[in-house]
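J.:
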Amino acid sequence: MTPEPANPTHARDREGDAAFAPSDQNRDRTGVFSGTPRDAWSPEAWRERPGAHQFDYDDAASLERAVAKLRTLPPLVTSWEIERLKSELSEAQRGERFLLQGGDCAETLAECRPETITNKLKILLQMSLVLVHGGQKPVVRVGRFAGQYAKPRSSPTETRDHGQGPITLPSYFGDLVNAAPFDAESRRPEPGMLVHAYQHAALTINFIRSLARGGFADLHHPEQWDLSFFHHADLPPSRKADYQRMMERLLDGLRFMEALGDKRIDELTQVEFFTSHEALNLYYESAQTRTVPRRHGHYLLTTHLPWIGERTRALDGPHVAFFRGVRNPVGVKVGPGMTGEEAVRLAEALNPENEPGKLVFITRMGAGKVEERLPPLLEAVRASGRLVLWVSDPMHGNGMTTASGIKTRSFDDIAAELERTFAAHKAAGTVMGGVHFELTGEDVTECVGGAAGVTEDGLHVNYASPCDPRLNYQQALELAFRTAGWLRDGRSGGGGFGLG
Ligand code: PEP
Ligand code: CO
């Protein structure tokens, strides 16, 4: 374990820390904070808990140099943006807004290119317009971008045999940690990547901010929407008619607003995008965690919405220990193994003040398990009075491998999990507040099915993900149409272009 470096900001941060320390009652019940004095939280205190990462840096001095450098660099986001997002998430929690979160499974430094970023923004924006139309409420748009560079793996090592006997190397943990090629030099966790990846996150967010401000003013032009997929697809006629109707009303609404000079069209097409990523590498996250003038507590300033992955959400683990001390809203992936009691304890640990908009549970059960596993969690959390924004990630419980060994997901399973999640919330009387997708604006062939017609045989045509399979442009748009339908079914009345 690397010793904690001196951090001159700690002493003056005490007041803010104490304001968000968990109550003694929580500490006793959960056991999460046993051994941690009330005011002991600091951005680096997680280092005292073993097993934070599946990988090891072998050069402690260069690790501390990289961390020290990151501490001096400007933040990627600001506390006021974070507070604005928290307030929008609290509206989503009350059912007054809907969260759309999406992007790559793993961003790569090589894909930090203008076309890729523009296409990702465009599909997210188009999906959000479809969702605004279906749900008649505003949508908060959050990308899995500008920092989605660290990946947990099922095994810390990978073994391959290229004919000269098996070779075992560290797994690829994303460009924040090491590099994908299977050789010892590439796979060695390299501390310098912390700074290098931070710089690419900065380039990405800089471009996103400019694009968002400039607006995608021509989005109401039909040629901006690639709808060829459902015209030719083998879809039930009623569904085709439904998509067609939604599309026409949406474009009509946008044109009408433009013709009237309605300023709300700017609100719809020049919009804020918030950033998010799995906050796996705590060296990276803690180095950019700071106090800011005139606000209490610490802000994690690499991203607006960090989330804790399914593999690192242990109650007594370093990630929960770290995230209980930051003011950002925090997401947690919730898989089928989670119990109601654990969900409540996590909520107590990560949101001791029960602040609205602070905690996002991103459920990823799998289409086959969601009907059995989700309702007890919804019930337990509701009974506890803990405030949670429930979001559905229909991707990560639905992975499968084809006979030829390709990782994929089926559009139908993804849609089924979403539909069942909407139904579970309806039955429980809870709010289904958003969706979380792995997607890209490119024409990739990674997930099978949907009107886009990707088949198992066609997966090799353009399989570009270094990690999990993503929805392509057409599949993502189609899922937005399906989701809009469920949102519409869940509300009464309707019509028009609701801005909430
Ligand atoms: C992911 O979101 O890419 C991921 C690894 O998810 P989970 O933690 O839910 O498995
Ligand atoms: Co993934």
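38 is the number of the first residue of the sequence shown in my numbering; add one for each residue after it.
Cβ atoms here follow ideal geometry from the backbone N, Cα and C, with glycine treated the same way.
Bear in mind the structure is a predicted one, so any value in this text is a computation, not a measurement.
With a threshold of 6 angstroms on Cβ separation, who are the neighbours of residue 178 within its own chain once the five nearest residues in sequence on each side are excluded?
T.: The residues are 137, 161, 165, 310.
J.: So, does the segment 473–493 touch the segment 503–510, judging by three or more C-beta pairs under 8 angstroms?
T.: Contact holds: three or more Cβ-Cβ distances are below 8 angstroms.
J.: Around the ligand PEP, which residues pass a check of Cβ closer than 5 angstroms to any of its heavy atoms?
T.: My final list is 142, 346, 347, 370, 401, 433.
J.: Considering only residues of the segment 401–443, which uninterrupted alpha helix (DSSP H) runs meet the minimum length of 4 residues and lie entirely inside it, listed in chain order?
T.: Within the segment 401–443, the complete alpha helix (DSSP H) runs of at least 4 residues are 407–421.
J.: Please check the pair residue 248 and residue 155, which I expect to be a contact at CB under 8 angstroms, by giving their CB distance rounded to whole angstroms.
T.: Indeed they touch by this definition, with Cβ atoms about 6 angstroms apart.
J.: Which whole-angstrom value describes the C-beta separation of residue 211 and residue 143, a residue pair presumed to lie in contact below a C-beta threshold of 8 angstroms?
T.: That belief holds up - the Cβ atoms of residue 211 and residue 143 are roughly 5 angstroms apart, short of 8 angstroms.
J.: Tell me, please, whether the segment 97–107 touches the segment 115–129 by the rule of three or more beta-carbon pairs shorter than 8 angstroms.
T.: Contact between the segment 97–107 and the segment 115–129 is absent, because fewer than three Cβ pairs lie under 8 angstroms.
J.: Straight-line CA distance for residue 432 to residue 139?
T.: Their Cα atoms are separated by approximately 11 angstroms.
J.: Output the boundary residues of the beta strand (DSSP E) element that contains residue 138.
T.: Where residue 138 is concerned, the enclosing beta strand (DSSP E) stretches over 135–140.
J.: For the alpha helix (DSSP H) that residue 519 lies in, which residues bound it at each end?
T.: 510–526 is the span of the alpha helix (DSSP H), which, as asked, contains residue 519.
J.: Less than 7 angstroms between C-beta atoms, sequence neighbours within five positions excluded: which residues of the same chain meet that for residue 480?
T.: Excluding positions up to five away in sequence, the list reads 499, 509, 510.
J.: Can you tell me whether residue 71 is buried or exposed, with buried defined as 16 or more other CB within 10 angstroms of its CB?
T.: A caution first: residue 71 carries a pLDDT of 38, below 50, which makes its placement in the model unreliable, though a value can still be read off. By the neighbour-count rule (16 or more Cβ atoms within 10 Å), residue 71 is not buried but exposed.
J.: By DSSP, does residue 123 sit in helix, in strand, or in coil?
T.: If DSSP states are grouped into helix, strand and coil, residue 123 belongs with the helices.
J.: Hey, would you say the C-beta of residue 484 is under 7 angstroms away from at least one heavy atom of the ligand CO?
T.: Outside the cutoff, so no.
J.: Is any heavy atom in the ligand CO found nearer than 7 angstroms to the beta carbon of residue 475?
T.: Yes, the ligand CO has a heavy atom inside 7 angstroms of this Cβ.
J.: Should residue 505 be counted as a contact of the ligand CO given a C-beta to heavy atom distance under 7 angstroms?
T.: Under cutoff, so the answer is yes.
J.: Looking at C-alpha atoms only, which residue of 421, 390, 357 is the closest neighbour of residue 323?
T.: Nearest C-alpha to residue 323: 357.
J.: If you draw a straight line from the C-alpha of residue 260 to the C-alpha of residue 282, how long is it?
T.: Cα-Cα distance, rounded: 17 angstroms.
J.: Helix, strand or coil for residue 313 per DSSP?
T.: It is a strand residue.
J.: Assign residue 269 to buried or exposed, taking buried as 16 or more other Cβ atoms, counted over all protein chains shown, within 10 Å of its Cβ.
T.: Label assigned to residue 269: exposed.
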